[in-house]
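Presented below is the structure to which this report refers.
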Amino acid sequence: MTTPTRRTVSNTLLPPLFIADHLALDFINSEFGVHPDRIECLNNDAQVFEWLRRAGIPVEVAELPRTGQNGELLRVALALRATSRELLLSRKAGRVGNPSALNNVLARGGTYQEIIWGKAQPLKRLQHRRVATPEDLLVPVAESIAELLADGDFALVRKCESPDCTLWFYDRTKSHHRRWCSMAVCGNRMKVAAFRARHRAQ
673 MTTPTRRTVS
683 NTLLPPLFIA
693 DHLALDFINS
703 EFGVHPDRIE
713 CLNNDAQVFE
723 WLRRAGIPVE
733 VAELPRTGQN
743 GELLRVALAL
753 RATSRELLLS
763 RKAGRVGNPS
773 ALNNVLARGG
783 TYQEIIWGKA
793 QPLKRLQHRR
803 VATPEDLLVP
813 VAESIAELLA
823 DGDFALVRKC
833 ESPDCTLWFY
843 DRTKSHHRRW
853 CSMAVCGNRM
863 KVAAFRARHR
873 AQ
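Here you go:
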């Protein structure tokens with residue numbers, strides 16, 4: 673997987689947003705905004721690992737590969753995100769995309785199960801994921817992207833209607849009328865703008 677050209681973006685202390693109602697879209701949304709106010713949530717390996725933790729992906733700190741070069745996890749994450757965005761746009765537009773880079777990450781998936789059974793605890797079955805390289809850490813994200821592309825209802829995969837917002841979401845509302853990435857941010861702002869425009873027209 674090749675590394676995408678890194679654009680100049682704003683660094684921020686803001687945590688990444690998890691408002692898309694789908695892991696794959698939250699990953700794509702880890703870069704958002706319009707230049708020069710574009711926000712990059714993944715600036716180093718530690719921030720990628722923290723994103724995975726916040727996303728609920730069960731990866732222990734001890735499993736973080738130590739043999740790779742510093743910055744390798746970031747490089748792989750940015751390349752996967754760029755590929756995911758291209759595939760999303762192709763799927764949304766009804767075009768054919770090239771999933772080879774995504775397939776390369778998917779092929780690294782390796783899980784195994786373990787039975788824990790002792791006198792002091794009930795029997796339970798655990799599932800572990802083998803982690804030997806930075807790509808391995810990102811396999812659950814790649815699997816979510818593949819699930820979205822293959823099985824998602826793309827009528828419900830939408831971009832926020834605010835003209836200066838770049839965030840995507842999966843509309844899981846009962847009425848399927850969600851228009852904004854967040855009512856607390858773009859929704860209220862656009863409603864206020866529409867209200868003012870109506871009053872100016874009167």
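Each residue of the sequence shown is one higher than the one before, starting from 673 at the first, in our numbering. Yeah, the Cβ is synthetic: ideal placement off N, Cα and C, and Gly gets one too.
Residue 761, enclosing alpha helix (DSSP H) - first and last residue
For the purposes of this step, residue 761 is taken as the residue at position 89 of the sequence shown. 744–765 is the span of the alpha helix (DSSP H), which, as asked, contains residue 761.
Pick helix, strand or coil for residue 806, following the three-state DSSP scheme.
Working through the sequence shown from its first residue, we reach residue 806 at position 134. The DSSP-derived three-state label of residue 806 is helix.
Reduced DSSP category for residue 819 - H, G, I as helix; E, B as strand; rest coil
As a position in the sequence shown, residue 819 is number 147, starting the count at 1. Looking at residue 819 - three-state DSSP - the assignment turns out to be helix.
Terminal residues of the continuous beta strand (DSSP E) containing residue 786?
Within the sequence shown, residue 786 is the residue found at index 114, counting from 1. Element bounds for residue 786: 783–790.
Do you know offhand how far residue 756's Cα is from residue 840's?
Residue mapping note: residue 756 aligns to position 84 of the sequence shown, counting from 1. Residue mapping note: residue 840 aligns to position 168 of the sequence shown, counting from 1. Those two C-alpha atoms are separated by around 12 Å.
Quick check on DSSP: helix, strand or coil for residue 828?
Numbered from 1 along the sequence shown, position 156 holds the residue referred to as residue 828. It is coil, neither helix nor strand.
Can you have a look at residue 694 and say buried or exposed, based on whether 16 or more other CB atoms are within 10 angstroms of its CB?
Residue mapping note: residue 694 aligns to position 22 of the sequence shown, counting from 1. Residue 694 should be labelled buried.
In angstroms, rounded to a whole number, what distance separates the CA positions of residue 749 and residue 810?
Start at 1 with the first residue of the sequence shown, and residue 749 comes out as number 77. Start at 1 with the first residue of the sequence shown, and residue 810 comes out as number 138. Straight-line Cα distance between these residues: approximately 7 Å.
Buried or exposed by the 16-neighbour rule on C-beta atoms within 10 Å, applied to residue 786:
Position 114 of the sequence shown holds residue 786. Residue 786 is exposed by the Cβ-count criterion.
In the DSSP output, what is residue 840 paired with across the bridge?
In the sequence shown, residue 840 corresponds to position 168, counting from 1. Bridge partners of residue 840: 831.
Straight-line gap, residue 775 to residue 791 (C-alpha atoms, nearest Å)
Within the sequence shown, numbered from 1, the residue matching residue 775 stands at position 103. Within the sequence shown, numbered from 1, the residue matching residue 791 stands at position 119. Their Cα atoms are separated by approximately 43 Å.
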